[in-house]
Structure formats: C-alpha cells, structure tokens
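Following: one structure in structure tokens, then a few remarks.
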Ligand code: SF4
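In our numbering, the protein residues as written are 883 to 1364.
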C-alpha cells in the first residue's frame, strides 16, 4: 500500500520503557524516546533513488535508455498493475479506479497486453523468476480475463512454474471466490497476499471495508488446500477506532489462521493529500502515542507467537522461505518489499507501473486515461525515470545490503570505492552518529551492522546514504517509520 506523511513528532529527549517487558522483546528493545527520535517521515527505499526523484528521461552519456539493458538480462521480474476496485476503502492511498463497470477492466487488459508486446523485441528470453499482480484489486478480473492476461504474458515472456519461481497476487478477500484460487494455481500462482487490515467491526465500518474472519478463514483454508506455498496477510495499525485491545483481538484471529507471512503497516492519515481519507471521521483517529503502543504490542505479540521479524514491517513464520532466506542472507528487496528471487530487471506493465534494469528506472503514466492514450499512440506509456550514475549504483547496493542483510562489509566498500569506509563515507558516518549512540548500529573492524533494535529503523540508516535526501532543495514527503 502506498502512503506518505509530511508530519513530524516532537523530540522529548528522554527515554522511558512503555511496558517493562522481557529482555529481547520488541517492547524491551524499543522505548518512547527512540520512537520519538526516529519514527518520523522517511523513504521506504524500495528503490534508490526513490521514485519521487524520477524525471523526464533523456538518453544517458552512451546514448542508451535504461530499457536497452533488458536485452542482456538473465532473470526477469514482472509486475502488472490492475487499478480497479468495486468500492472505496477510506484509508486508501493507492492508484485505483472505483467502478462497477467490468468493461473498463477488459479494455485495460487489451492495453496491458499491447504494452507487453512492446517489450517482445527488447527483453532477452530470460526466465520470469518473479511475477506480481498488484492494484487496485487484481481479483477484480474474472477468471477468463486472468487467463487471458497470463496466456498473453506467456506469449511474450518466459513464464515458468514450480517452486523455483515466486508468482504472487494481491487479493481482496471480499472479491475472491474459492474457484478463482484454483484458476490462479492453474495459472502458476504460488503466493497469495490477502488484504485484511483489521477484523474489528467498528474499525471496518470506519474505513468502509467490511470483511468477516469467516470469509478469510474459508479462503485461507481453500488456498492451502489447492497448494499455495505461502499465504500472507496485510494488516494496518493506526486506523480510526483502533486501540491496543482491539488490535490484539484482531491478532487472536490472525494467529489462529497462522498465515506464513504478515505485513504490519502503519496508516498515514493525510486527508489533505488523499481525497478518500477525508471520509474518515478524524475524531476516531488514535493519537501518535497510541499508535506507538499498538505497534509495540502487535510486534511483541507476533514475535512472541514465533514469527521472525525480518525488518521494517515484515514478519514470517520460521519455516517460511522468506525467513529462511533472511537467515541465509539471501533476501532481496524490490517495489513489493522483501523477496527471495532477485532478478536482474523488472518490467512493470499498466498505469503507474515502475520498471528497472541495471542502468536505471522508468515509470508509466499514472492516470488510466494518459496510460491508455500513450499505449494507443506508441505502444508504451513511459512518463519518467532515472539513469543511474556510478555513485547511484554504489549507494543502491549499500542500501540494499543494509536493508536485506543488516550489514555492509568494510572490505566490500574498499573494493568498490578504493578507499576505507571512513574516507569513502565520512559525511554519512557522521550523520549516523546518533544511531550509533542509541545502539541501533555498530561499526567493527569488519562491518557496519544493524543491531537487534536497529531493525526497526532500517529506513533511517539507509537515509543517511541518500544523497538526494540531504540536498537543501529537497521537498519530498514520506510516510512515517512507525
Ligand atoms: S481495495 Fe485496495 S486499492 Fe482498492 S480502494 Fe481498497 S485499499 Fe484501495
């Protein structure tokens, strides 16, 4: 879910434990002082540079565009944005179209498949190791159109099946039939992400997203039966009407259903920026201190139940492939968050979709109208992007190391820059001094590393290496860390 937040929290300068919990628990490693110092707005670093930096693209110094590098990829990732939803959730900050007219989705698919065609001669015949349908509501598509989409993609790209690939779909439990799960498995999907948010009926009413635990139970069991290897739930804290006790009750149900992965996102209430959020009664919004308490209590509950905290807002059962990959330092990160299947390039199809290669990023027009017009006119809909410089690549690698492997090796820095860490990144290390002082990061003879409590603040550590963020003219707005 996309969000942004321009607000800041006051810095009290004092630390106090919130709950006095056991050593090693989230509540014991975090405290209000830390949260107040580091929980403010910060990029999520699903890319570097972040997407808000993208500009109109010109060819780089060697006369090429970033997509020219697609002709030599070895492993490919695909993303398709399906922007349609049947009803409006009031917390939503996504790029979506609320409609009851199915015909819109059908003609949109024509454009997506035409866009795929544009890539036919530009992408090397590389296996698609990762595929994701996001939205909006991808399950807005009927089974016939899901088939049309996947067969169309399979005609252009080298789609694979089995455990060696990660094909996932974001599903709205309110708009998903058990029969569709079978169709999805048949089409090669092996990972399912269900948007739950909260089970409390009054919270659901406040956000206009009514969905019973029974519906979710039914779908979870059906998905397991038809062989989905991993089922993930998206939850949100900080929603209107939520408090620690109500969220805890939601977690009772969640833990009972035992999804393989859980994403616990923070809700950023920005009604000035997102029209849908104006429909939320702001009197129901929990104050920041309650949000922090919810975050702590929920994280403690999840780790107490045996989930592994991967970093940022992601948890996984210890037997899940993502948790094992984290243990074995094989995690990678892309626009959907953590992943197991690093690809050399991503082709994003549909309105607002982002693509990348080793040379840079490119993003499609945001609005459906502009997207459709561009596809009809020239077969692609690229609106902006970024050519990576050598310095961007270095920082991109370093940020990825920190966020996925929780450390950056001094010898790797020396090999890449020809200088010791302290010389190559003197300014950045100075910026990180407060994080060292607060025990969130450490620096030894071998590595810069993230401590146990530092895992909550990976975004802040990454931000110290973001050149563009520290320019005096930067005005971007980001969501809060917690
Ligand atoms: S289903 Fe998802 S994308 Fe659609 S309105 Fe609700 S939150 Fe937004």
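The C-beta atom is built at its ideal place from N, Cα and C for all residues, glycine as well. Note that the coordinates shown come from a computational prediction; the quantities given were computed from them, not determined experimentally.
Any heavy atom of the ligand SF4 within a distance shorter than 7 angstroms of the CB on residue 928? No.
Separation of residue 1237 from residue 956, as counted between CA atoms: In a straight line, the C-alpha of residue 956 is about 16 angstroms away from that of residue 1237.
DSSP state of residue 1210, grouped into three classes? In the structure shown, residue 1210 sits in coil (DSSP, three-state: anything other than H, G, I, E or B).
Would you mind giving the Cβ-Cβ distance between residue 1332 and residue 1289, rounded to the nearest angstrom? I have them listed as a contact below 8 angstroms. In this structure residue 1332 is in contact with residue 1289, their Cβ atoms being roughly 7 angstroms apart against a cut-off of 8 angstroms.
Using DSSP with H/G/I as helix, E/B as strand and the rest coil, what is residue 904? Because residue 904 sits at a pLDDT of 44, beneath the cut-off of 50, its placement in the model cannot be relied upon, and the point is left open.
So, at 6 angstroms on beta carbons, what are the nonlocal neighbours of residue 959 in its own chain, with the 5 sequence-adjacent residues on each side left out? Only 1012, 1225 and 1228 meet the Cβ criterion.
When the Cα atoms are used, what is the spatial distance from residue 1118 to residue 1077? Going from the Cα of residue 1118 to the Cα of residue 1077 covers about 9 angstroms.
Range of the contiguous alpha helix (DSSP H) that encloses residue 1255: 1250-1260 is the span of the alpha helix (DSSP H), which, as asked, contains residue 1255.
Mind checking which residues open and close the beta strand (DSSP E) that includes residue 1005? Note, residue 1005: premise wrong, no beta strand (DSSP E); not H, not E.
Pick helix, strand or coil for residue 954, following the three-state DSSP scheme. Residue 954 falls in the helix class under three-state DSSP.
Would residue 1221 be called buried (16 or more neighbouring beta carbons within 10 Å of its own) or exposed? Answer is buried; the Cβ neighbour count reaches 16.
Quick one: what does DSSP say residue 1453 is sitting in, helix, strand or coil? Only positions 883 to 1364 of the chain appear in the structure, and residue 1453 is not among them; the question remains open.
Got a sec: does the ligand SF4 put a non-hydrogen atom nearer than 7 angstroms to the Cβ of residue 981? If you check the C-beta of residue 981 against the ligand SF4, you find no heavy atom less than 7 angstroms away.
Report the residue ranges of all beta strand (DSSP E) runs contained in full by the region 1027-1071; include only those spanning at least 3 residues, in chain order. Listed in chain order, the complete beta strand (DSSP E) runs (minimum 3 residues) inside the region 1027-1071 are 1048-1053.
Does the distance between the C-beta of residue 976 and the nearest non-hydrogen atom of the ligand SF4 fall short of 7 angstroms? Under cutoff, so the answer is yes.
Does DSSP classify residue 1246 as helix, strand or coil? Strand, per DSSP.
Residue range of the beta strand (DSSP E) that includes residue 1265: Run containing residue 1265: 1264-1269, per the beta strand (DSSP E) assignment.
Distance, residue 1305 Cα to residue 1298 Cα: Whole-angstrom Cα-Cα distance: 13 angstroms.
Short Cβ contact (8 angstroms threshold) for residue 1199 with residue 1205: Closer than 8 angstroms, so yes.
When you compare the CB positions of residue 924 and residue 1216, do they come within less than 8 angstroms of one another, or not? Not a contact, by the Cβ cut-off of 8 angstroms.
Of the residues 1092, 1131, 1142 and 1105, which one's Cα is nearest the Cα of residue 1115? That would be 1142, whose Cα lies nearest to the Cα of residue 1115.
Which listed residue (1353, 1302, 1195 and 1158) has its alpha carbon closest to that of residue 928: Cα-wise, what sits closest to residue 928 is 1195.
Taking residue 1329 as the reference, give the member of 1337, 1302, 1354 and 1347 with the closest Cα. Of 1337, 1302, 1354 and 1347, the smallest CA-CA separation from residue 1329 is found for 1302.
Start-to-end residues for the alpha helix (DSSP H) that takes in residue 1022: Taken as a continuous stretch (DSSP letters only), residue 1022 belongs to no alpha helix (DSSP H), as it is neither H nor E.
Determine the closest residue to residue 1180 out of 1209, 1148, 1154 and 1166, with distance taken between C-alpha atoms. Answer by Cα proximity: 1148.
Please go through the same chain and pick out, in chain order, the residues whose beta-carbon is closer than 6 angstroms to the beta-carbon of residue 1223, but skip the five residues on each side of it. Within its own chain, the residues whose Cβ lies closer than 6 angstroms to the Cβ of residue 1223, once the five positions on either side in sequence are excluded, are 1011, 1012 and 1048, listed in chain order.
Return the chain-ordered list of same chain residues with a C-beta closer than 8 angstroms to the C-beta of residue 1378, the five sequence neighbours on each side being excluded. A question about residue 1378 goes unanswered here, because the residues of the chain that appear run from 883 up to 1364.
If residue 1020 and residue 964 are in contact, beta carbons under 8 angstroms, what's the gap, nearest whole angstrom? The pair is a contact, with the Cβ atoms about 4 angstroms apart (cut-off 8 angstroms).
Give me whichever residues DSSP pairs with residue 962 in a beta bridge. Paired residues: 1015 and 1231.
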